[in-house]
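One structure below.
There are 2 protein chains.
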Amino acid sequence: MTAGTLHTVSVGPGDPELLTLKAVRVLGAVHCFAFFAKRGRSGHAVGVARAYLRPNAEALRFDYPFTTELPPDHPDYRLAFNAFYEQVAGMLARRLDAGLDVALLCEGDAFFYGSAMYVFDHLAGRYRHDVVPGVTGMAGGWARACLPMTHGDDVLSVLPGTLDQAALTSRLAVTDAVVIMKVGRHLPKIRAALSAAGRGADAIYVERATMADERILRLDDLPDDDHPAPYFALILVPGRKRAR
Amino acid sequence: MTAGTLHTVSVGPGDPELLTLKAVRVLGAVHCFAFFAKRGRSGHAVGVARAYLRPNAEALRFDYPFTTELPPDHPDYRLAFNAFYEQVAGMLARRLDAGLDVALLCEGDAFFYGSAMYVFDHLAGRYRHDVVPGVTGMAGGWARACLPMTHGDDVLSVLPGTLDQAALTSRLAVTDAVVIMKVGRHLPKIRAALSAAGRGADAIYVERATMADERILRLDDLPDDDHPAPYFALILVPGRKRAR
Chain G
1 MTAGTLHTVS VGPGDPELLT LKAVRVLGAV HCFAFFAKRG RSGHAVGVAR
51 AYLRPNAEAL RFDYPFTTEL PPDHPDYRLA FNAFYEQVAG MLARRLDAGL
101 DVALLCEGDA FFYGSAMYVF DHLAGRYRHD VVPGVTGMAG GWARACLPMT
151 HGDDVLSVLP GTLDQAALTS RLAVTDAVVI MKVGRHLPKI RAALSAAGRG
201 ADAIYVERAT MADERILRLD DLPDDDHPAP YFALILVPGR KRAR
Chain V
245 MTAGTLHTVS VGPGDPELLT LKAVRVLGAV HCFAFFAKRG RSGHAVGVAR
295 AYLRPNAEAL RFDYPFTTEL PPDHPDYRLA FNAFYEQVAG MLARRLDAGL
345 DVALLCEGDA FFYGSAMYVF DHLAGRYRHD VVPGVTGMAG GWARACLPMT
395 HGDDVLSVLP GTLDQAALTS RLAVTDAVVI MKVGRHLPKI RAALSAAGRG
445 ADAIYVERAT MADERILRLD DLPDDDHPAP YFALILVPGR KRAR
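Sequence lines, in order, name chains G and V.
For the first sequence, the working numbering gives the first residue as 1, with consecutive numbering after it.
For the second sequence, the working numbering gives the first residue as 245, with consecutive numbering after it.
Encoded structure:
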């Protein structure tokens, strides 16, 4: 029997109209799909993809083992996530070995900070792969903000908000355009770093871009006492329009 | 009369199946579209979009004033390009003023190193805007290369190949994942910088990803005496899988 193909399918930033034609074709073809979700939540990627999936396809839901119970630098955190992704890979491998094609859904672009990469890492080389790229959350954000990001020879840096303040500040000093990911509870530190690097005035705060409840405003207009930013909120700072 | 809407439409990395549903809807609706092309070439973005455009829509073709006759740091280069984009903006403004919706096509993602940004800069605030984000060339590249780029807390830097060797080397030293854009004639310098930063062994060379004639190989396997790399070739170096 020929093993199935693992389709890693990027579903884009949230608006179901921002799926690619290829993603729609693959989602409509597979009889098995898999997705990640936080416990107690319906799962973001599957919500975006739902309209394009076969109603009778097998759905494999994988709940992340935990999100905030352990700090990410705790050794048990990595071990638990590694075991989790290994278990997911095993479940998908059983379907693939049975000749079934499987679509693993991923928000944004799957190979850009996507959970699907960790599964891919376990299965790479063992099955046929088809990776469907997608519109990233940051591209959805700068489109909705009407914010041209990188002109000519601008450098763009994508920084996780988890970096410490000194590291953020020094990296902000040597870049033109900036995207800060994983803002969440790191917002006060990120504000301080942007201010120290003299980039705060141009910073745009983006939550759930391209979705019905998106929120896009100048970071300076976001109150300090606002509710904690979601983990997936972004900060965008456009480039300096360096000559090409 | 109500002025038209300027739709800035990203058409993705090259495979026409990597357009978004939204891009296809907009392209099928407008009675006027505009695109850039090099003199004597058919135009890349319009080639990708062609199947989705109305056959009787007005096509506005804009030939870049020059590409290699002047170095980009020459003052006349910026002046000529600025005059060019101002002229393009004027042509589009006439259609928009007449109430016509116009789609300006752009390869990859329009607000990520796209020519459409320069037109947008001239027209911003004067017309209703709708920016359709797209799959970037780099995302098309790492999908086709089956190369997960950024895990966990990896930093990603997007660097123009036009930077001098010392600047490239020092920036390579402080990043995890790297995309080098605009490779072209800068390839020997880029190789030297990657080697000096100890990142050469992981570098992947990508030409025309997702297109019929794509070319993806380890940079180490690209002969030194290969034909000059195209301007739009990319180098990808995956991240270091930093813990999330």
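No residue lacks a Cβ here, since even glycine has one placed at the ideal position from N, Cα and C.
> Secondary structure at V/Met455, three-state DSSP: helix, strand or coil?
Replying inline: As a working mapping, residue 455 of chain V is identified with position 211 in the second sequence. In the structure shown, V/Met455 sits in coil (DSSP, three-state: anything other than H, G, I, E or B).
> Alpha carbon to alpha carbon, how far is G/Arg185 from V/Asp374?
Replying inline: Taking the first sequence and counting its residues from 1, one reaches residue 185 of chain G at position 185. Taking the second sequence and counting its residues from 1, one reaches residue 374 of chain V at position 130. Going from the Cα of G/Arg185 to the Cα of V/Asp374 covers about 32 Å.
> If we call anything under 8 Å between Cβ atoms a contact, is V/Leu262 one with V/Gly256?
Replying inline: Start at 1 with the first residue of the second sequence, and residue 262 of chain V comes out as number 18. Start at 1 with the first residue of the second sequence, and residue 256 of chain V comes out as number 12. Annotated as proximal: V/Leu262 and V/Gly256, with beta-carbon spacing under 8 Å.
> Assuming V/Thr252 contacts V/Val332 under a Cβ cut-off of 8 Å, what Cβ separation, rounded to an integer in Å, is found between them?
Replying inline: The count along the second sequence starts at 1 and reaches residue 252 of chain V at position 8. The count along the second sequence starts at 1 and reaches residue 332 of chain V at position 88. Not quite, the Cβ-Cβ distance comes to about 12 Å (not below 8 Å), so this is no contact.
> Fully enclosed by the stretch 279-361 of chain V, which alpha helix (DSSP H) runs are 4 residues long or longer?
Replying inline: 288-293 and 319-341
> When we look at the beta-carbon of G/Arg249 and count the other beta-carbons within 10 Å, is it buried (16 or more) or exposed?
Replying inline: Any property of residue 249 of chain G remains undetermined from this structure, which presents chain G solely from 1 to 244.
> Can you check whether the CB of G/Ala23 is closer than 8 Å to the CB of G/Ser42?
Replying inline: Within the first sequence, residue 42 of chain G is the residue found at index 42, counting from 1. Within the first sequence, residue 23 of chain G is the residue found at index 23, counting from 1. No, these two residues do not count as a Cβ contact at 8 Å.
>> I'd like the list of long-range same chain contacts for G/Pro160, defined as Cβ closer than 6 Å, with 5 residues on each side in sequence excluded.
In response: Here residue 160 of chain G refers to the residue found at position 160 when the first sequence is read from its first residue. The answer, listed in chain order, is Met181 and Lys182.
> Do G/Phe81 and G/Pro65 have their CB atoms nearer than 8 Å?
Replying inline: Here residue 81 of chain G refers to the residue found at position 81 of the first sequence. Here residue 65 of chain G refers to the residue found at position 65 of the first sequence. Yes.
>> What would DSSP say about G/His186, mapped onto helix, strand or coil?
In response: As a position in the first sequence, residue 186 of chain G is number 186, starting the count at 1. Helix at G/His186.
> Any chance the stretch 390-399 of chain V sits against the stretch 110-117 of chain G, with 3 or more Cβ pairs inside 8 Å?
Replying inline: yes
> Using a Cβ-Cβ distance under 8 Å, would G/Ala83 count as near chain V?
Replying inline: Within the first sequence, the letter at position 83 stands for residue 83 of chain G. Taking Cβ atoms only, chain V never reaches closer than 8 Å to G/Ala83, which makes this a no.
>> Rounded to whole angstroms, what is the Cα-Cα separation between V/Val270 and G/Leu27?
In response: Counting from 1 along the second sequence, the entry for residue 270 of chain V is found at position 26. Counting from 1 along the first sequence, the entry for residue 27 of chain G is found at position 27. A straight line joining the alpha-carbon of V/Val270 with that of G/Leu27 spans about 22 Å.
> By how many angstroms is the C-alpha of V/Ser359 removed from the C-alpha of G/Arg244?
Replying inline: On the first sequence, residue 244 of chain G is found 244 positions in, with the first residue counted as 1. On the second sequence, residue 359 of chain V is found 115 positions in, with the first residue counted as 1. Any reading at G/Arg244 is ruled out, since the residue's pLDDT is 46, under 50, leaving its predicted position unreliable.
>> Once the 5 residues before and after G/Met91 are set aside, which same chain residues still bring their CB inside 7 Å of it?
In response: Here residue 91 of chain G refers to the residue found at position 91 of the first sequence. Closer than 7 Å at Cβ, skipping near neighbours: Leu60.
>> Does any residue of chain V have a CB that is nearer than 8 Å to the CB of G/Met91?
In response: Looking up residue 91 of chain G in the first sequence gives position 91. Judged by the 8 Å Cβ criterion, G/Met91 is not in contact with chain V.
>> Rounded to the nearest angstrom, what separates V/Ala436 and V/Gln409 at their Cα positions?
In response: Here residue 436 of chain V corresponds to residue number 192 of the second sequence, with the count starting at 1. Here residue 409 of chain V corresponds to residue number 165 of the second sequence, with the count starting at 1. When rounded, the separation of the alpha-carbon atoms in V/Ala436 and V/Gln409 is 7 Å.
>> Classify V/Ala445: buried if its beta carbon has 16 or more other beta carbons within 10 angstroms, exposed otherwise.
In response: One-based indexing of the second sequence puts residue 445 of chain V at position 201. With fewer than 16 other Cβ atoms within 10 Å, it is exposed.
> With DSSP run on the structure shown, which of helix, strand or coil describes G/Leu147?
Replying inline: As a working note, residue 147 of chain G is residue 147 in the first sequence. Three-state result, G/Leu147: coil.
> Where does V/Met245 fall in DSSP's three states?
Replying inline: Along the second sequence, one-based indexing puts residue 245 of chain V at 1. Correct three-state label for V/Met245: coil.
> Counting Cβ pairs closer than 8 Å, one from the stretch 408-422 of chain V and one from the stretch 338-353 of chain V, do we hit at least three?
Replying inline: No, they do not touch.
> How about G/Arg208 and G/Arg199: do their beta carbons lie closer than 8 Å?
Replying inline: Position 208 of the first sequence, counted from the first residue, corresponds to residue 208 of chain G. Position 199 of the first sequence, counted from the first residue, corresponds to residue 199 of chain G. Their beta carbons are not under 8 Å apart, which means G/Arg208 does not touch G/Arg199 by this criterion.
> Quick one: Cα of V/Leu466 to Cα of V/Asp397, how far?
Replying inline: Counting from one through the second sequence, the residue named residue 466 of chain V turns up at place 222. Counting from one through the second sequence, the residue named residue 397 of chain V turns up at place 153. Taking C-alpha positions only, V/Leu466 is separated from V/Asp397 by approximately 31 Å.
> Given that G/Thr5 touches chain V, what residues does it touch there, using C-beta distances under 7 Å?
Replying inline: If you number the first sequence from 1, residue 5 of chain G lands on position 5. The contacting residues do not exist; G/Thr5 stays about 12 Å from chain V at best.
> By how many angstroms is the C-alpha of G/Val174 removed from the C-alpha of V/His366?
Replying inline: On the second sequence, residue 366 of chain V is found 122 positions in, with the first residue counted as 1. On the first sequence, residue 174 of chain G is found 174 positions in, with the first residue counted as 1. Taking the straight line from one Cα to the other gives about 28 Å.
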